[in-house]
Amino acid sequence: MARSLASNHDDKRQKILEEAAVLFASAGFESARLQDVAAACNTSKSALYHYFPRKEDLLYVMISEHIMSAVRELEAIARGPGAPKERLTQFVRAMVKRAIDKRHEHMVLTHDLKFLPTLQQQEIKLAQAQALDFVVELLREINPPLMRRRRERAAYALFLYGSMISTATWFRKKGGMTPHELADRMTELFLNGFDGGDHPPGYR
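Note that our numbering numbers the sequence shown so that position 66 is 66, with each residue one more than the last.
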């Protein structure tokens with residue numbers, strides 16, 4: 001008879017993923033040790049093995065769950081109801097908030113993806129490409145002529161996408177601007193330019 005999972009199994013698993021993300025982001029995947037993850041979680045190394053037998057397993061689950069969750073959320077916004085500009089506003093808000101809230105996971109994805117097997121890397125990169133495709137779709141709806149050719153599509157989409165995810169590396173919560181405001185200012189700047197733009201509604 002199979003053993004049933006403890007009632008707090010999912011909570012412990014999530015705690016391991018979060019603490020490991022902090023450790024991997026600060027020390028680097030190669031230098032980080034599972035015993036350090038276990039210590040941060042106030043558990044034993046043997047208990048950690050129950051959830052993740054290898055450090056590589058932990059890395060893969062951390063990165064894949066991070067990116068797949070983002071793809072699901074962003075797809076629901078990009079292909080959901082509302083005018084294109086409204087959806088773009090919601091999309092940028094979601095991405096900026098995720099970049100800030102999941103800063104450590106994003107840093108691990110950026111720096112440590114290379115330590116995964118090739119097939120797993122390809123899976124993650126495909127998911128990242130999907131997220132970028134949603135940006136392309138939204139921008140094409142807003143200005144079809146500007147997104148007509150492939151070279152322009154890539155340039156505009158990557159410019160906006162890169163601006164959103166880069167907030168993970170520099171944003172500080174004590175800096176005086178909320179993620180919501182930052183996202184709205186980013187959207188205003190992208191759509192209307194610095195010279196032709198204005199403060200977004202509510203931030204004058």
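We treat Cβ as the ideally placed atom computed from N, Cα and C, and that holds for glycine. Since we're looking at a predicted model, the values are computed, not measured.
In the three-state reduction of the DSSP assignment, Asp36 falls in the helix class, which pools H, G and I. For Ile63, the closest C-alpha among the options Gln35, Ala127 and Leu138 is that of Ala127. If you ignore the 5 residues before and after Asp184, its C-beta comes within less than 6 Å of the C-beta of Pro200, all in its own chain and listed in chain order.
Of the residues Lys174, Leu160 and Glu73, the one whose Cα lies closest to the Cα of Gly193 is Leu160.
Counted as a single uninterrupted DSSP element, the alpha helix (DSSP H) harbouring Phe24 occupies residues His9 to Ala27.
In its chain, beyond the 5 residues on either side, Met147 have a beta carbon closer than 6 Å to the beta carbon of Arg140. With 16 or more neighbouring CB atoms inside 10 Å of its own CB, Leu17 falls in the buried class. In the DSSP annotation of this structure, Met147 is not part of any alpha helix (DSSP H), being labelled neither H nor E. Arg98 sits buried, since 16 or more C-beta atoms from the chains shown fall within 10 Å of its C-beta.
For Leu116, the secondary structure class from DSSP, reduced to helix, strand or coil, is coil.
For Tyr203, the closest C-alpha among the options Glu73, Arg33 and Met186 is that of Met186. By the criterion of at least three beta-carbon pairs nearer than 8 Å, the segment 19 to 26 is in contact with the segment 92 to 106. Only buried fits Arg87, as 16 or more other CB atoms lie within 10 angstroms of its CB. Below 8 Å, enough C-beta pairs join the segment 163 to 179 and the segment 88 to 97 to call them touching: three or more.
Remark: fewer than three beta-carbon pairs, one from each stretch, lie closer than 8 Å, so the segment 31 to 50 and the segment 63 to 81 are not flagged as touching.
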